[in-house]
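Notes for the one structure printed next.
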Amino acid sequence: MAGREQYEVVIVGGGPAGLCAALYGGRGMLRTVLLERGVPGGELLNTEWIEDYPGFPKVKGRELADLMTQHALQFGAEIRQENAESIVRRPDGIFEVTTSLGTIFEAPAVIITAGGTPLKLEVPGELEYAGRGVSYCAVCDGAFFKGETIAVVGGGDAAVEEADYLTRYAEKVYLIHRRGELRASRILQERLFQNPKIEVVWNKRVLELFGDPSGLKTIALEDTETGQLSELKATGCFVFIGFRPNSGIVQQHFAHDASGYMITDDRMMTSIPGLFAAGDLRVQLTRQVTTAVGDATTAAIAVEKYLTERRQSGAGVGSGAHAGV
Ligand SMILES: Cc1cc2nc3c(=O)[nH]c(=O)nc-3n(C[C@H](O)[C@H](O)[C@H](O)COP(=O)(O)OP(=O)(O)OC[C@H]3O[C@@H](n4cnc5c(N)ncnc54)[C@H](O)[C@@H]3O)c2cc1C
Numbered sequence: 015m016a017g018r019e020q021y022e023v024v025i026v027g028g029g030p031a032g033l034c035a036a037l038y039g040g041r042g043m044l045r046t047v048l049l050e051r052g053v054p055g056g057e058l059l060n061t062e063w064i065e066d067y068p069g070f071p072k073v074k075g076r077e078l079a080d081l082m083t084q085h086a087l088q089f090g091a092e093i094r095q096e097n098a099e100s101i102v103r104r105p106d107g108i109f110e111v112t113t114s115l116g117t118i119f120e121a122p123a124v125i126i127t128a129g130g131t132p133l134k135l136e137v138p139g140e141l142e143y144a145g146r147g148v149s150y151c152a153v154c155d156g157a158f159f160k161g162e163t164i165a166v167v168g169g170g171d172a173a174v175e176e177a178d179y180l181t182r183y184a185e186k187v188y189l190i191h192r193r194g195e196l197r198a199s200r201i202l203q204e205r206l207f208q209n210p211k212i213e214v215v216w217n218k219r220v221l222e223l224f225g226d227p228s229g230l231k232t233i234a235l236e237d238t239e240t241g242q243l244s245e246l247k248a249t250g251c252f253v254f255i256g257f258r259p260n261s262g263i264v265q266q267h268f269a270h271d272a273s274g275y276m277i278t279d280d281r282m283m284t285s286i287p288g289l290f291a292a293g294d295l296r297v298q299l300t301r302q303v304t305t306a307v308g309d310a311t312t313a314a315i316a317v318e319k320y321l322t323e324r325r326q327s328g329a330g331v332g333s334g335a336h337a338g339v
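Residue numbering for the sequence shown follows the working numbering, beginning at 15 and increasing consecutively.
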């Protein structure tokens, strides 16, 4: 529904960080709205099992997503299925978050929790075979590769975890990594090396993907040390080589690192006053569900303090255009 709507805090993104911020916003009795372009849950929806969320020794990603959504709703947060297109801070300190439905959400504080988008290989054939062999989500597409030989590209936690996961369907999984050692955590590496269906292809870069109208057939590789060319027969290529933060919807300049990850202070406030960032799109050592919800807790509590200070300074917390602040 197009129009202007006023809140005390707008949260952009409904992954673990956004849902946790919504929980705290609602519980703190703030007029809180969370905008999520898809189904709430974020990357949890692309993860089969979570084994490292305290209190849940083994929980399905989808189940944890549902529990977090219900928890946020229980405390009064509003969740709207809308895609935020831009975030702009007006001179009066009120933010306007404009969505693709044309709605403008106004609030003196915004928490951006929009996560990241998987990086592409950017090689010939990747686009052509996307959905016909090339995938960025093992949980979504793994079952299409029953009994087949496939490849996973990457060397971090996501690549190693997903290679292991994919062996429940695939007969053989090659893990293609451009270096001679993996970045993944030790426990995940141990699991990988014990899995007889996985073979690591060290020091190789994907050059091109080939196939026919039925889908992907061959992956062309280059040795990163010798430059030698080779080919791998595979009908699937799952790419887990990192993320680009979804911070581009912020229209004003903000402090960020070379990859676009948002820099915050210890309250999770960005260099734009009143704009807070939490979760995967923030500069930090590691990106996990626990760190996302930790960031979000701090951000939501800092928003409460920010709004109190703003009120005390006479700026008010309503919409500037309509409340005259
Ligand atoms: C394959 C895989 C396996 C993983 N396994 C684990 C694990 O076992 N344990 C663990 O702790 N972590 C794991 N992680 C990492 C964990 O999922 C993330 O760190 C966590 O989900 C980050 O939460 P977030 O809320 O910051 O971002 P996300 O989960 O990415 O959520 C961001 C949300 O924002 C929404 N969004 C983006 N842009 C907009 C917009 N413009 N408007 C509206 N909505 C928008 C997206 O749709 C998405 O729902 C895994 C990640 C992957 C990819």
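Using N, Cα and C, we set each Cβ at its ideal position, and we do this for glycine too.
Taking only the alpha-carbon atoms, compute the straight-line gap between residue i and residue j and give it to the nearest angstrom.
{"i": "R41", "j": "E50", "result": "20 angstroms"}
{"i": "S114", "j": "N97", "result": "6 angstroms"}
{"i": "A313", "j": "F290", "result": "6 angstroms"}
{"i": "D294", "j": "Y275", "result": "8 angstroms"}
{"i": "N260", "j": "G129", "result": "6 angstroms"}
{"i": "Y150", "j": "L230", "result": "15 angstroms"}
{"i": "A329", "j": "Y38", "result": "23 angstroms"}
{"i": "L202", "j": "A184", "result": "19 angstroms"}
{"i": "G69", "j": "E92", "result": "26 angstroms"}
{"i": "V137", "j": "L78", "result": "35 angstroms"}
{"i": "A16", "j": "E110", "result": "13 angstroms"}
{"i": "G27", "j": "E176", "result": "24 angstroms"}
{"i": "L235", "j": "T249", "result": "15 angstroms"}
{"i": "E195", "j": "E65", "result": "24 angstroms"}
{"i": "G107", "j": "T284", "result": "14 angstroms"}
{"i": "T181", "j": "Q84", "result": "33 angstroms"}
{"i": "K325", "j": "K319", "result": "It is Arg, not Lys, that sits at residue 325 in the sequence shown. For R325 and K319, the distance between alpha carbons rounds to 10 angstroms."}
{"i": "T112", "j": "I286", "result": "17 angstroms"}
{"i": "G241", "j": "E222", "result": "15 angstroms"}
{"i": "G29", "j": "G161", "result": "33 angstroms"}
Locate the beta strand (DSSP E) running through residue i, then write down its first and last residues.
{"i": "Y179", "result": "That residue, Y179, is in no beta strand (DSSP E); its alpha helix (DSSP H) goes 171 to 180."}
{"i": "G250", "result": "250 to 253"}
{"i": "F119", "result": "117 to 121"}
{"i": "Q20", "result": "17 to 20"}
{"i": "G225", "result": "218 to 226"}
{"i": "P138", "result": "P138 -> no beta strand (DSSP E), and no H or E assigned at all."}
{"i": "R103", "result": "98 to 103"}
Kindly identify the DSSP beta-bridge partner or partners of residue i.
{"i": "Y67", "result": "F70"}
{"i": "Y340", "result": "It is not possible to answer for residue 340, since the shown part of the chain is limited to 15 through 339."}
{"i": "P54", "result": "Beta-bridge pairing links P54 to no other residue."}
{"i": "A291", "result": "I126"}
Please state whether the Cβ-Cβ distance between residue i and residue j is less than 8 angstroms.
{"i": "Q298", "j": "S100", "result": "no"}
{"i": "K211", "j": "K186", "result": "yes"}
{"i": "L206", "j": "D178", "result": "yes"}
{"i": "V303", "j": "L44", "result": "no"}
{"i": "A123", "j": "L246", "result": "no"}
{"i": "A165", "j": "I118", "result": "no"}
{"i": "L189", "j": "A173", "result": "yes"}
{"i": "A272", "j": "T127", "result": "no"}
{"i": "T61", "j": "Y21", "result": "no"}
{"i": "F254", "j": "V307", "result": "no"}
{"i": "T131", "j": "R258", "result": "yes"}
{"i": "A292", "j": "I125", "result": "yes"}
So, under 8 angstroms CB-CB, residue i and residue j are touching, yes? Tell me the CB distance rounded to an integer number of Å.
{"i": "V1", "j": "V102", "result": "Given that the chain is displayed from residue 15 to residue 339, the structure contains no residue 1 and the question cannot be resolved."}
{"i": "M82", "j": "L33", "result": "4 angstroms"}
{"i": "G225", "j": "G147", "result": "6 angstroms"}
{"i": "R197", "j": "G170", "result": "5 angstroms"}
{"i": "G191", "j": "V214", "result": "Checking the sequence shown, residue 191 turns out to be His, not Gly. Yes, they are in contact, since the Cβ atoms of H191 and V214 sit about 6 angstroms apart, within 8 angstroms."}
Say the cut is 7 angstroms; is the CB of residue i nearer than that to a heavy atom of ligand 3?
{"i": "E110", "result": "What this structure holds is ligand 1, not ligand 3."}
What are the boundary residues of the alpha helix (DSSP H) that residue i is part of?
{"i": "T304", "result": "303 to 326"}
{"i": "P30", "result": "30 to 41"}
{"i": "T83", "result": "75 to 88"}
{"i": "L299", "result": "Careful: L299 lies outside any alpha helix (DSSP H) and carries neither H nor E."}
{"i": "A14", "result": "Absent from the model: residue 14. The displayed extent of the chain is 15 to 339, so no value can be given."}
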